[in-house]
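**Q** My structure is below; once you've seen it, I'll send some questions.
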Amino acid sequence: MNATGHADFSPDGSKYAMVSADNNLMILNFDRCSGNFSLLDSVHVPNPTVGQPDNEVFSCSFSPNSRFLYTIAYTKIIQYDTWAADIATSGIYVAQWDTFSLPFNTYFNMSQLAPDNKIYISTYGGCYLLHYINDPDSAGTSCHVIQNSFLLPRANIGLPNFPNYTFRNQ
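Using the working numbering, read the sequence shown as starting at 62 and increasing by one per residue.
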């Protein structure tokens, strides 16, 4: 990976994922006892508008049950099934940006799994709105991506950290 990006541990502590702005996704198995990583899969995230910077992957987040991994780009969200035999081919589009502006474009940006088991997604470019994935443990569009859902008092590109110091045992 040769670009800036974002990383996330799965809630059960068994996986670690990294995405980069050059649209690469690496998913690693993680052994909490030894601290060792091993490659589970490497995926080039599809970009329907190749060469357009508005589709660089910025962020990734695991679902609460650690099965699904979401990649977030400016205008698209893709869900991958980490339990699939071929993770790369399991990727499906679950959201396309709705083109809403207030007054700037409300592109998808950083994502974070929150304590309420929803994945929140900030907007890019100084907007006062948040998007979220309502049912991230559900496959495909049943995960229900809700765009422009919360009006915030201030704009912020990032999201707060929700530390997961005690990984859940499965």
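Ideal Cβ positions, reconstructed from N, Cα and C, are used throughout, including at glycine.
With distance defined between alpha-carbon atoms, name the residue in Asn97, Met87, Tyr193 and Gly219 nearest to Tyr185.
**A** Here residue 185 refers to the residue found at position 124 when the sequence shown is read from its first residue. Nearest of Asn97, Met87, Tyr193 and Gly219 to Tyr185, Cα basis: Gly219.
**Q** Could you round the C-beta distance between Ser151 and Ile133 to whole angstroms and report it? I think they count as a contact, below 8 Å.
**A** Taking the sequence shown and counting its residues from 1, the one referred to as residue 151 is at position 90. Taking the sequence shown and counting its residues from 1, the one referred to as residue 133 is at position 72. Not really, about 17 Å apart at Cβ, beyond 8 Å.
**Q** If you draw a straight line from the alpha carbon of Phe165 to that of Trp158, how long is it in whole angstroms?
**A** Translated into positions along the sequence shown, residue 165 becomes position 104. Translated into positions along the sequence shown, residue 158 becomes position 97. Approximately 13 Å between the Cα atoms of the pair.
**Q** By Cβ distance, which residues of its chain are closer than 7 Å to Phe211, with the 5 residues on each side in sequence left out?
**A** Taking the sequence shown and counting its residues from 1, one reaches residue 211 at position 150. Within the same chain, Phe211 has close Cβ partners Leu190 and Leu191.
**Q** Report the three-state DSSP secondary structure of Ser172 (helix, strand or coil).
**A** As a position in the sequence shown, residue 172 is number 111, starting the count at 1. Looking at Ser172 - three-state DSSP - the assignment turns out to be strand.
**Q** For a quick check, are the C-beta atoms of Thr143 and Ile88 less than 8 Å apart?
**A** Counting from 1 along the sequence shown, the entry for residue 143 is found at position 82. Counting from 1 along the sequence shown, the entry for residue 88 is found at position 27. Result yes, Cβ atoms of Thr143 and Ile88 sit closer than 8 Å.
**Q** Along the beta strand (DSSP E) that carries Tyr131, what are the first and last residues, could you check?
**A** Here residue 131 is taken as the residue at index 70 of the sequence shown, counted from 1. Start and end: Phe129 to Ala134.
**Q** Out of Ser183, Asp83, Pro125 and Phe161, which has the shortest C-alpha to C-alpha gap to Phe169?
**A** One-based indexing of the sequence shown puts residue 169 at position 108. Nearest option by C-alpha distance: Ser183.
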